[in-house]
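First residue of the sequence shown: 1, per the working numbering; consecutive thereafter. One structure is given here, and the rest of the page talks about it.
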Amino acid sequence: MSGDKEPEKHLLRHVTAQQLGQLKKKALEARELSYSPYSKFRVGCCILTKENKFVLGANVENASYGGAICAERCAAVKAVTGGMKEWLAIAISGDRMEDTISPCGICRQFIREFASGEFPVIMLNGDGSKTVVKPFEELLPLSFGPDSL
Ligand code: THU
């Protein structure tokens, strides 16, 4: 344990500095894949898998608004259907410059199927100048997952 002084370093101990740089860059770039004509709020996501693959996702909206799919679930479905169910970290970017984005409740539950505990969730603002890293369990405490059945 590295202690409370460097919580991010501890959370990111399975991720190299180079991988972290790539994760952030790709999460920011993934917003370009967004289809968000209704909200005009682009979200990008990048999952780093155990195989050292970077899987990108973006939000895809629908004229029937409730049909929108978030960037996180887009990336998660791509990773899983690409045969990559073990993940090292996830990075998410939104268009807001002021604040870092935070994954919605549905996405937290969806991610919980494949990640839990200290899995690092990297949250970015619009240009990556602000970064918040949290352990997944802090975003979804007392969660219900595959091990709960
Ligand atoms: N959105 C995401 O893609 N991820 C989140 O965690 C929050 C919200 C998308 C959904 C919708 O397309 C737009 O952002 C506005 O809510």
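For glycine and all other residues, C-beta sits at the position ideal for the given N, C-alpha and C. In this text the structure is predicted, and so the values were computed from the model without any measurement.
Checklist entry - Which residue or residues does DSSP assign as beta-bridge partners of residue 132? => result Note: residue 132 sits in a beta bridge opposite 123.
Next on the checklist: Please give me, in chain order, every unbroken run of the beta strand (DSSP E) with length at least 3 that falls completely inside the region 24-94.
Outcome noted: DSSP runs (the beta strand (DSSP E)) wholly in the region 24-94: 43-49, 54-58, 87-94.
Checklist entry - Do you know how far the Cα of residue 11 is from the Cα of residue 120? => result Rounded to the nearest angstrom, the gap between the Cα atoms of residue 120 and residue 11 is 6 Å.
Next on the checklist: If contacts are defined as beta-carbon pairs under 8 Å, then residue 43 and residue 89 qualify, I think. What distance do you get, rounded to the angstrom?
Outcome noted: Wrong, their Cβ atoms sit about 17 Å apart, outside the cutoff.
Next on the checklist: I'd like the list of long-range same chain contacts for residue 130, defined as Cβ closer than 6 Å, with 5 residues on each side in sequence excluded.
Outcome noted: So the qualifying residues of the chain are 100.
Next on the checklist: residue 28 and residue 56 - do their beta-carbons sit closer together than 8 Å?
Outcome noted: The answer is no: Cβ separation not under 8 Å.
Next on the checklist: Helix, strand or coil, according to DSSP, for residue 147 in the structure here?
Outcome noted: Helix, per DSSP.
Checklist entry - Does the ligand THU have even one heavy atom less than 7 Å from the beta-carbon of residue 37? => result For residue 37, the shortest C-beta to heavy atom distance toward the ligand THU is 7 Å or greater.
Checklist entry - Among 146, 21, 9, which has the Cα closest to the Cα of residue 92? => result With distances taken between Cα atoms, residue 92 lies closest to 21.
Checklist entry - Within this structure, are the beta carbons of residue 47 and residue 75 separated by less than 8 Å? => result Contact: yes.
Item to check | Three-state class that DSSP yields for residue 106 in the structure shown | outcome: Looking at residue 106 - three-state DSSP - the assignment turns out to be helix.
Checklist entry - From residue 19 to residue 9, what distance separates their C-alpha atoms? => result If you take the alpha carbons of residue 19 and residue 9, they lie about 13 Å apart.
Checklist entry - Relative to the C-alpha of residue 98, which residue among 63, 73, 127 is closest? => result Nearest of 63, 73, 127 to residue 98, Cα basis: 127.
Next on the checklist: DSSP three-state label for residue 20, please.
Outcome noted: DSSP, reduced to helix, strand and coil, places residue 20 within a helical segment of the structure shown.
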